[in-house]
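For the sequence shown, the numbering used here assigns the number 611 to the last residue and increments by one with no breaks. What follows is one structure encoded as structure tokens, with my remarks underneath.
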Amino acid sequence: MTYVRDAFPQSRPELNRDSRALWIDPPPRANGVQSLHDDPLIDALLARRFTDPQEAQDFLDSRSRPAPDPHRLPGMSEAAERIAHALRRGEQIGIFGDYDTDGVTSAALLTHALRAASGEVQPVSVRLPLRREGYGLSEKGVEDLAAAGATLLIAVDCGSRDHAAVARARQQGMDVVILDHHRLIEPPPREAIVASAQLRDDAPYRNVSAAGLAYLLATALAQDNFDCGDGQTNEPVGLLDLAMIGLVGDVSSLTGVNRPLVRDGLRRFRGQTRPGLRALCDVAAIAPGSVSSTEIAFQVSPRLNAPGRLGDPRTAYELLVTDDARSATKLAGHAEAANQKRKQLLGRILRDVATMLATNPSHLERRVLVLVGKDWEAGIVGLAASKLSEQFDRPVIVLTVADGVASGSARSVPGFDITDALSSVAGLLLRYGGHERAAGLALREIQLSALDDALQDAIARSPAAPPGPTRLVIDAELDAEQLRIQTVQRIQTLGPFGEGNPVPLLRVSRLPVRGYTVMGREKQHLKILTAGPAGYVDALLWSGANRSSELLGARHVDIVGYLESNVWNETARAQIRVADFRPSVE
């Protein structure tokens, strides 16, 4: 375990990129998948992704997949019935959400659906927790909603472990509906109606986030002849943009039902009419009419997350529910300011960690990194854990200490279920919860060494691969002639891309080098200018300026990366986002 007691100076070194990646080109699979498409490139990519030809065909045919049936989800029929009863009786409904993108979009989606279904301007009260209040449905939140007159409480993106708060709600005369996608570490509150795919191992929609659950609930209400916002029954398509943002922001697997939900949600987003999302696109400098799942993940979601990380998540919620363009512009400005502050605080943590590990390099021999700081921002440690886990190819826990309690976030790697590992040491923890690859936790400071030792033992018994050089598993090889915008468009037919359906990783060999430069405000990025039959192509390695010396004297370069579209002056050109490069052997 590495411990930071005081802040380090801001001029400490940045974490460097690993330039010793292994390039892995799996052999083609003789499984018949190649015959599913008449485009050789698409065939090659499908062959890399699927071992079952029927799964590949289902992936291609997802556009014709029927809409999800909400009543297949355990507890959803009962939840929809109780909410429909409340709408018909004109009951006041309280919504308790969470402070992240998934929680905020869930609360906003339910607000739009319930307002429309009731025909009233404000049939709901919404309570979103501040981060300092902790995760989950709280008794204080319950009391606030009871004071607002709620007789039905909907807890979304939380609630399945909050027995005391549910009991308090029942004492206050409220019925409780829980929409929670988190793993059930213990039986949920019996006094509540719980809609969750985690209730049964064979339940469908197990990868659906809270925003997806909220959309399924709205679908169930629409099927009960409630108009949930766009004059349609059976499926409330007008809410798909919010469901999509929550699914992508929560890093849900873009497979199964999530794939068409995100695809159709992107289509809805591109025809954007919500003032808040238009304003958010303005501050993020993205074009809503051509937005991609990548831009949702790295531009839209962080700006919706930032207010809850550093202040009040209600800023993001109000941005998603306002009908006023002027208010939307103001709220988007607040979200952007919070996002800029987030970047600064994250950079500070990463610099601290770089210094810590440079001072104590033997710590990198441990297969789980437990990193502790005295004054790191609690709302940022999860982001730091994600980046560091990717950087060092191992589980990482980042904790901040206050008043003798260490709290923070864990991120893991394939083969090591971090929530299971925390369950095995639950006696050391004050609280914990999460998923296979991500979790939150808190413990007393005096238990930190015991936690570190226990996690090292746990990963030694797991199937997780030991840390090593970054492994770049290549999906297909392109020649220089294919570096065109038309190739980008062909690849995009396999989207939307994200968790579970990553952007294809491509290799291009012996590209002529016409020059290179460093770029960015701090000159931290590397741009390689390459040439091919279709003209010049930029190859960008983010945070790769430290590798520019490798190009000295290079005439050709081999590149592994992602072929993307770069729009400049309304003209789209292909460019490469570089994962790694090597000067070609001449």
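Glycine is no exception: its CB is placed at the ideal position from the N, C-alpha and C atoms. Only a predicted model underlies this, so the values are computations on that prediction, with no experimental measurement involved.
Assuming residue 332 and residue 340 make a contact with CB atoms under 8 Å, what is their CB distance in whole Å? Taking the first residue of the sequence shown as position 1, residue 332 is located at position 307. Taking the first residue of the sequence shown as position 1, residue 340 is located at position 315. A Cβ-Cβ distance of about 4 Å is found for the pair residue 332 and residue 340, placing them in contact under the 8 Å criterion.
Is the region 230 to 238 touching the region 277 to 291, taking contact as three or more C-beta pairs under 8 Å? Yes: at least three Cβ pairs fall under 8 Å.
With a Cβ-Cβ cutoff of 8 Å, do residue 13 and residue 197 count as a contact? Residue 13 lies beyond the residue range present for the chain, which begins at 26 and ends at 611; the question has no answer from this structure.
Out of 348, 222, 469, which one is the CA nearest neighbour of residue 204? As a position in the sequence shown, residue 204 is number 179, starting the count at 1. Nearest to residue 204 by alpha-carbon distance, out of 348, 222, 469, is 222.
With distance defined between alpha-carbon atoms, name the residue in 417, 438, 405 nearest to residue 423. Counting from one through the sequence shown, the residue named residue 423 turns up at place 398. Of the candidates 417, 438, 405, the residue whose Cα lies closest to the Cα of residue 423 is 405.
Taking the alpha helix (DSSP H) that residue 488 belongs to, which residues open and close that run? Along the sequence shown, one-based indexing puts residue 488 at 463. Per DSSP, residue 488 lies in no alpha helix (DSSP H) and is assigned neither H nor E.
If you drop the 5 nearest sequence neighbours on each side, which residues of the same chain put their C-beta closer than 8 Å to that of residue 599? As a position in the sequence shown, residue 599 is number 574, starting the count at 1. Closer than 8 Å at the Cβ level, and outside the excluded window around residue 599, lie 508, 509, 510, 512, 513, 559, 562, 588, 589, 590, 591.
Any contact of the region 483 to 499 with the region 543 to 550, i.e. 3+ C-beta pairs under 8 Å? no
Between the region 100 to 117 and the region 151 to 162, are three or more C-beta pairs nearer than 8 Å? In short, these stretches do not touch, since the Cβ pair count stays below three.
State the start and end residues of the unbroken beta strand (DSSP E) segment that holds residue 512. In the sequence shown, counting from the first residue as 1, residue 512 sits at position 487. Here residue 512 belongs to no beta strand (DSSP E); instead the alpha helix (DSSP H) covers 510 to 517.
If we ignore side chains and look at the alpha-carbon of each, how far apart do residue 608 and residue 437 end up? Mapped onto the sequence shown, residue 608 falls at position 583. Mapped onto the sequence shown, residue 437 falls at position 412. Between residue 608 and residue 437, the C-alpha separation is close to 33 Å.
Pick helix, strand or coil for residue 41, following the three-state DSSP scheme. The residue given as residue 41 occupies position 16 in the sequence shown. Note on residue 41: pLDDT 36, under 50, position unreliable in the model; no value is reported.
As assigned by DSSP and simplified to three states, the class of residue 460: Working through the sequence shown from its first residue, we reach residue 460 at position 435. Note: residue 460 maps to coil in three-state DSSP.
Spatial neighbours of residue 528 in its chain, beta-carbon cut-off 6 Å, leaving aside the 5 residues before and after: Locating residue 528 in the sequence shown gives position 503, counting from the first residue. Counting only Cβ-Cβ distances below 6 Å, and skipping sequence neighbours, we find 522, 587.
By the three-class DSSP mapping on this structure, what secondary structure does residue 416 have? To locate residue 416, count along the sequence shown from 1; it is residue 391. In this structure, residue 416 counts as helix in the three-state DSSP scheme.
Runs of 3 residues minimum, wholly inside the region 508 to 584: which ones carry the beta strand (DSSP E) assignment? 531 to 544, 550 to 557, 560 to 566
Span of the beta strand (DSSP E) around residue 605: Residue numbering aside, residue 605 sits at position 580 when the sequence shown is read from its first letter. Element bounds for residue 605: 596 to 608.
Option nearest residue 344 by Cα separation, candidates 200, 335, 359: Within the sequence shown, residue 344 is the residue found at index 319, counting from 1. From the listed residues 200, 335, 359, the smallest Cα separation to residue 344 is found for 359.
Cutoff 6 Å; reference residue 275; Cβ partners in own chain excluding five residues on either side: Locating residue 275 in the sequence shown gives position 250, counting from the first residue. Hits under 6 Å: 127, 234.
Do the CB positions of residue 304 and residue 353 come within less than 8 Å of each other? Counting from 1 along the sequence shown, the entry for residue 304 is found at position 279. Counting from 1 along the sequence shown, the entry for residue 353 is found at position 328. Yes; because the gap between Cβ atoms is below 8 Å, this pair is in contact.
In the structure shown, what three-state DSSP assignment does residue 61 receive? The residue labelled residue 61 in the question sits at position 36 within the sequence shown. Correct three-state label for residue 61: helix.
Would you call the region 527 to 541 and the region 478 to 491 touching, i.e. three or more CB-CB distances under 8 Å? no
At the level of alpha carbons, what is the spacing between residue 291 and residue 578? Walking along the sequence shown from the start, residue 291 turns up at place 266. Walking along the sequence shown from the start, residue 578 turns up at place 553. Put simply, the backbone Cα of residue 291 is about 44 Å away from that of residue 578.
For residue 364, does the count of other Cβ atoms within 10 angstroms reach 16, so buried, or fall short, so exposed? Translated into positions along the sequence shown, residue 364 becomes position 339. Buried, by the Cβ-count rule.
Taking the alpha-carbon positions, what's the residue 556 to residue 67 distance? Residue 556 sits at position 531 when you count from the first residue of the sequence shown. Residue 67 sits at position 42 when you count from the first residue of the sequence shown. The straight-line gap from Cα to Cα measures roughly 24 Å.
Are three or more beta carbon pairs between the region 119 to 133 and the region 183 to 196 nearer than 8 Å? Cβ pair count under 8 Å is three or more, so yes.
What would DSSP say about residue 385, mapped onto helix, strand or coil? Translated into positions along the sequence shown, residue 385 becomes position 360. Coil, per DSSP.
Just to confirm, are residue 458 and residue 465 a CB contact at a threshold of 8 Å? Here residue 458 is taken as the residue at index 433 of the sequence shown, counted from 1. Here residue 465 is taken as the residue at index 440 of the sequence shown, counted from 1. Yes. Within cutoff.
Under the three-state DSSP convention, the category residue 311 falls into: By 1-based counting over the sequence shown, the position of residue 311 is 286. Reduced to three states, the DSSP call for residue 311 is coil.
So what's residue 200 in DSSP terms, helix, strand or just coil? The residue given as residue 200 occupies position 175 in the sequence shown. Of the three classes helix, strand and coil, the one that applies to residue 200 here is strand, per DSSP.
What does residue 121 pair with, by DSSP beta-bridge criteria? The residue given as residue 121 occupies position 96 in the sequence shown. Bridge partners of residue 121: 152, 180.
Give me whichever residues DSSP pairs with residue 401 in a beta bridge. Mapped onto the sequence shown, residue 401 falls at position 376. BP columns for residue 401 are empty, so no partner.
Give the straight-line distance between the Cα atoms of residue 444 and residue 505, rounded to the nearest whole angstrom. As a first step, residue 444 is located in the sequence shown; it is residue number 419 there, counting from the start. As a first step, residue 505 is located in the sequence shown; it is residue number 480 there, counting from the start. Spanning the two alpha carbons is a distance of roughly 45 Å.
Classify residue 104: buried if its beta carbon has 16 or more other beta carbons within 10 angstroms, exposed otherwise. As a first step, residue 104 must be located in the sequence shown, where it is residue number 79. Classification of residue 104: buried, given that the 10 Å Cβ count is 16 or more.
So, is residue 77 buried or exposed, given that buried needs 16 or more other C-beta atoms within 10 angstroms? By 1-based counting over the sequence shown, the position of residue 77 is 52. So residue 77 ends up on the exposed side.
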